[in-house]
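These notes are about the structure you will find just below.
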Amino acid sequence: MGKNLADAFSSAREVFAEIDDALSQKLSKIMWEGPEGDLTLTENAQPAIMAASIAVLRVMEKEFGLEVAKHAALVAGHSLGEYSALCAAGAFTLSDTARLLKIRGLAMQSAVPVGEGGMTALIGAEIEQAEEVAAEASAEGGTCVVANDNAPGQVVISGSKDAMDRVPEIAKAKSIKRAIPLSVSAPFHCPLMQPAAQKMAEALEGVTIRPLSVPVLANVTAAPTQEPDYVRPLLVSQVTNRVRWRESILSLRDYGAETTVEFGGNKVLTGMVKRIDKELQTVTLDSPADLEAFAKTL
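Position 27 of the sequence shown, counted from 1, bears residue number 70 in the working numbering, the numbering being contiguous throughout.
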């Protein structure tokens, strides 16, 4: 995660050093050396994923002349990636972004005791089918909602264990191809995350949100905003509500975007984009060679 960039560019090394300092933790060492069990803890994974993304961005800015305000129509990120997007647009400092994601990870992990909730990916399901599955699963008690509307045929639902245990049978009855329980530590993006939302509201109150250089496409609305005052409530709402990624990508053309550029995500979001809108051009930036090639197009 980002080691190849850190080896090649001082601007990337500066990103990892600043995040390590902000967290009073050698997160970069965990990212590059493990152990994997520590890296996958959500309190580490969230700032680590952001670090990898912003390292790519800083190298593009400092070494290759990228200007977000000049070259981007807007920014967007999936779940924790919305914080990375806001950092890219200048709303948060890098240090504040790292600290907020550390708090977010801890808050989301502790909101629901381990084993009392879960998430399931419905493969081959459209959003309407997923909503029906969630409604039926929670009809007999418990919580179950659509958490991530990722792409056509890929929807994730989230909720309490009692309701989630009913999902496979309900999905099978609706001829949904597969219902795959996810290896996650908590039921993210559902009402059970309300304690985490409250903690994030308190954390965000103590952080300055600066003017955005370009609009951010918010997860919970699939609509752009450039107003700092709107960012805080959107991020609080995001903790308990659906990530509207499919809707967000479908709206890009309305805002003049014809190409998506994924910063350090190992092509995960690019794969979703290709399923949502096959006409959009896509670029993924992970390796030094990727960055050098993309710089020639600016």
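C-beta atoms are modelled at their ideal positions from N, C-alpha and C, and glycine is treated no differently.
Cutoff 7 Å; reference residue i; Cβ partners in own chain excluding five residues on either side
i    : result
L82  : I73, M74, A88, A91
Q102 : Reading the sequence as shown, one finds Val at residue 102 and not Gln. So the qualifying residues of the chain are L48, F52, S54, A55, L334.
T186 : G202, S203, A206, C233, P234, L235
L100 : A131, F306
R221 : I166, G167
Residue range of the unbroken alpha helix (DSSP H) whose run includes residue i
i    : result
I252 : Unbroken run through I252: none, as it is neither H nor E.
L278 : 271–283
L123 : Unbroken run through L123: none, as it is neither H nor E.
N262 : First-last for N262: undefined, no H or E at that position.
M151 : 137–154
Beta-bridge partners of residue i, as assigned by DSSP
i    : result
V311 : Paired residues: none, contrary to the question.
E305 : T327
V102 : The partner list for V102 (beta bridge, DSSP) is empty, contrary to what the question assumes.
Q241 : Note: Q241 sits in no beta bridge, so no partner.
R221 : I166
C130 : For C130, which the question treats as bridged, DSSP gives no partner whatsoever.
V199 : A164, N191
T268 : V259
V286 : N191
Limits of the beta strand (DSSP E) - the one that residue i falls within
i    : result
L235 : Neither: L235 is in no beta strand (DSSP E) and is coded neither H nor E.
M74  : No beta strand (DSSP E) holds M74; the alpha helix (DSSP H) holding it covers 70–76.
Own chain partners of residue i with C-beta closer than 6 Å, once the 5 adjacent residues on each side are dropped
i    : result
E305 : L312, T313, T327
A95  : M44, G45, G307
Residue i classed as buried or exposed, judged by whether at least 16 other C-beta atoms fall within 10 angstroms
i    : result
T283 : buried
E248 : exposed
P156 : exposed
P267 : buried
S218 : exposed
D355 : This structure leaves residue 355 out entirely; the chain is present only between 44 and 341.
N262 : buried
K339 : exposed
R289 : buried
Beta-carbon contacts of residue i that lie in its chain and below 8 Å, excluding the five residues immediately before and after
i    : result
A341 : The sequence as given places Leu at residue 341; Ala does not occur at that position. Cβ neighbours of L341 beyond the five flanking positions: F107, G108, L109, H114.
L225 : G161, M162, T163, A164, V199
Beta-carbon separation (whole angstroms), residue i vs residue j, contact threshold 8 Å
i    : j    : result
A132 : M93  : Incorrect: roughly 14 Å between the Cβ atoms, too far for contact.
A246 : I146 : 5 Å
A116 : A300 : 5 Å
S228 : T85  : 6 Å
R318 : A194 : 4 Å
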